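Visitor:
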Amino acid sequence: RLIVTCDSMSMLAEACETGRPVMIFDLLRGEGSNRPPPPADGSIRPRSFAETLRGLSLRPFFYKLGMTVGPSRLTRDVSIIHRNQVAAGRASWLGSVDRGDVTASPPPIRDLERAADAVRALFADPPPPFPDPPESILPEWLQRFVQG
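Here our numbering is used: the first residue of the sequence shown is 6, the next is one more, and so on.
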């Protein structure tokens with residue numbers, strides 16, 4: 006098995022390309038995280054207040070603000086890629102209860118042909134030629150004025 010962090014799409018794609026079972030380690034904690042819940046026996050202690058303060062940064066706040074308020078074309082929702090890889094059986098969340106969701110030999114990624122076809126389609130039909138430019142961009146009355 007290969008274990009990759011959820012923040013690098015290149016690493017996830019390369020790991021999935023190997024054909025081996027891939028487990029994704031979620032860096033988030035708490036709500037929205039795909040990590041399994043901590044054991045009830047208390048063997049893993051929660052973060053202390055000092056540890057929480059040490060990791061405090063305003064960068065995530067401003068990033069989230071920019072993604073919320075900024076143009077909708079600006080998106081970096083990598084969870085879409087995670088969901089697609091998990092749904093295809095190429096990856097699973099590390100620590101997920103159902104360990105049967107990652108097959109022994111995941112299906113290969115067949116995106117090369119699809120990507121090549123998309124590039125070919127871009128160049129399939131040449132764009133229409135530009136019309137010939139006019140001899141002068143000045144209006145006729147202005148040409149008469151300038152000429153004499």
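The C-beta atom is built at its ideal place from N, Cα and C for all residues, glycine as well. None of these values were measured; they are calculated from a predicted model.
I'd like the list of long-range same chain contacts for Met14, defined as Cβ closer than 7 angstroms, with 5 residues on each side in sequence excluded.
Guide: Val83, Ile86
Visitor: Okay, do the region 13–32 and the region 92–103 touch, 3+ Cβ pairs below 8 angstroms being the bar?
Guide: yes
Visitor: Return helix, strand or coil for Thr23, following the three-state DSSP convention.
Guide: coil
Visitor: Determine the contact status of Cys21 and Arg95, defining contact as a CB-CB distance below 8 angstroms.
Guide: yes
Visitor: Compare the C-alpha of Pro41 against each of Ser97, Tyr68, Glu19 and name the closest.
Guide: Ser97
Visitor: Determine the DSSP secondary structure at Val9, reduced to helix, strand or coil.
Guide: Strand at Val9.
Visitor: What would DSSP say about Ile29, mapped onto helix, strand or coil?
Guide: Correct three-state label for Ile29: strand.
Visitor: Return the CA-CA distance between Gln90 and Pro134, expressed in angstroms with no decimal places.
Guide: Cα to Cα, the separation comes out at about 43 angstroms.
Visitor: So, is Val9 buried or exposed, given that buried needs 16 or more other C-beta atoms within 10 angstroms?
Guide: buried
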